[in-house]
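Following my numbering, the numbering of the sequence shown begins with 1111 at its first residue and continues without gaps. We put the CB at the ideal spot given by N, CA and C, even for glycine. Heads up: the structure comes next, in structure tokens.
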Amino acid sequence: MSDSQILIFKNPASIAEAFAKNLKEWTAADKPFHLALSGGSTPQILFQYLSTLPADYLPWSRIHLWWGDERAVPADHAESNFGMTKTYLLDHISIPAENIHRVKGEVDPERAAQEYMEEITRLITFKNDWPVFDLIMLGMGDDGHTASIFPHEIYLLRSPQICAVATHPVSGQKRITLTGRVINAAEKVAFLVTGKNKTEKVSEIMKKLPEAHIYPAAYIQPTEGQLYWFLDYDSYGMA
Ligand code: 6PG
1111 MSDSQILIFK NPASIAEAFA KNLKEWTAAD KPFHLALSGG STPQILFQYL STLPADYLPW
1171 SRIHLWWGDE RAVPADHAES NFGMTKTYLL DHISIPAENI HRVKGEVDPE RAAQEYMEEI
1231 TRLITFKNDW PVFDLIMLGM GDDGHTASIF PHEIYLLRSP QICAVATHPV SGQKRITLTG
1291 RVINAAEKVA FLVTGKNKTE KVSEIMKKLP EAHIYPAAYI QPTEGQLYWF LDYDSYGMA
């Protein structure tokens, strides 16, 4: 079992600053760094902060950006995780185009998943039959989902595939997601979770309560890597 660190911060802005410092440390080695980003609203604050830092704060020429999941929509769609990253980060930093590995949300989801899996297989080192990302950023939904592994498709945690097509339980929107065994194969996995609407699920997961057994986020525990929870006072339930 790998080790886990629970890091508590006053607010999302403090998480962004701390995460950036960690990212600088984690990307110090002179080699490619394969980073899978999460989507949703929480990462926006981090991306906005990263875009204000000096151009050489992070070694963008060595950082490869992937996505833990993507909505099956075009890149310029309001719900595209790539589109959000482009708006808040990519348009403000100098990173080689070949270092950006977006999921093609505009094509058939099964084809997008296949092409994404092929790109991962081509570029990322494997260990024990799974690609090893240097760092996978994750959020957690208020239903306990992570990436696009939702409670009603919790079997995706054990999928034999690197990527899968998932379905949002409410909207029916198709998603392409990394699967559970890829996430748990990573060198590092970092949850960034903020807000009072996550307090209950965070608490149930941290305390390993029975309620958590249906939350996909509860099963994220890197096989050999490190797990970090970046939480704010609200999501951790601190006054
Ligand atoms: C997505 C994300 C998803 C997200 C959680 C939390 O595509 O929506 O990857 O897993 O991390 O839903 O989203 P918020 O940060 O917006 O609460």
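Open item on the list: Between the segment 1177 to 1196 and the segment 1271 to 1290, can you find at least three pairs of beta-carbon atoms closer than 8 Å?
Closed with: Counting Cβ pairs under 8 Å, three or more are found: they touch.
Open item on the list: leucine 1248 and phenylalanine 1301 - do their beta-carbons sit closer together than 8 Å?
Closed with: Against a cut-off of 8 Å, the Cβ pair of leucine 1248 and phenylalanine 1301 comes out as a contact.
TODO: Buried or exposed for lysine 1214, please, with buried defined as at least 16 other CB atoms from any protein chain shown within 10 angstroms of its CB.
DONE: Buried: at least 16 other Cβ atoms inside 10 Å.
- [ ] Report yes if the C-beta of threonine 1277 is less than 7 Å from at least one heavy atom of ligand 1; otherwise report no.
- [x] The answer is no for threonine 1277.
- [ ] Would you identify the three-state DSSP class for phenylalanine 1192, choosing helix, strand or coil?
- [x] Three-state result, phenylalanine 1192: helix.
Open item on the list: Quick test of the definition: if touching needs 3 or more C-beta pairs under 8 Å, does the segment 1250 to 1259 touch the segment 1220 to 1229?
Closed with: Because the criterion of three Cβ pairs below 8 Å is not met, the segment 1250 to 1259 and the segment 1220 to 1229 do not touch.
Open item on the list: For isoleucine 1210, list the residues DSSP reports as bridge partners.
Closed with: The partner list for isoleucine 1210 (beta bridge, DSSP) reads Leu1175.
TODO: Look up leucine 1302 in the DSSP assignment and give the residues it is bridged to.
DONE: In the DSSP output, where bridge partners are listed per residue, leucine 1302 has Phe1340.
TODO: Could you work out which residue in Thr1304, Ile1330 and Tyr1325 is closest to glutamate 1314 when comparing CA atoms only?
DONE: Among Thr1304, Ile1330 and Tyr1325, the Cα nearest to that of glutamate 1314 is on Tyr1325.
Task: C-beta atoms of leucine 1160 and leucine 1199 nearer than 8 Å - done: Closer than 8 Å, so yes.
- [ ] Evaluate aspartate 1244 with the Cβ neighbour count: other Cβ atoms within 10 Å of its Cβ, from every protein chain shown; 16 or more gives buried, anything less gives exposed.
- [x] With 16 or more other Cβ atoms from the protein chains shown falling within 10 Å of its own Cβ, aspartate 1244 counts as buried.
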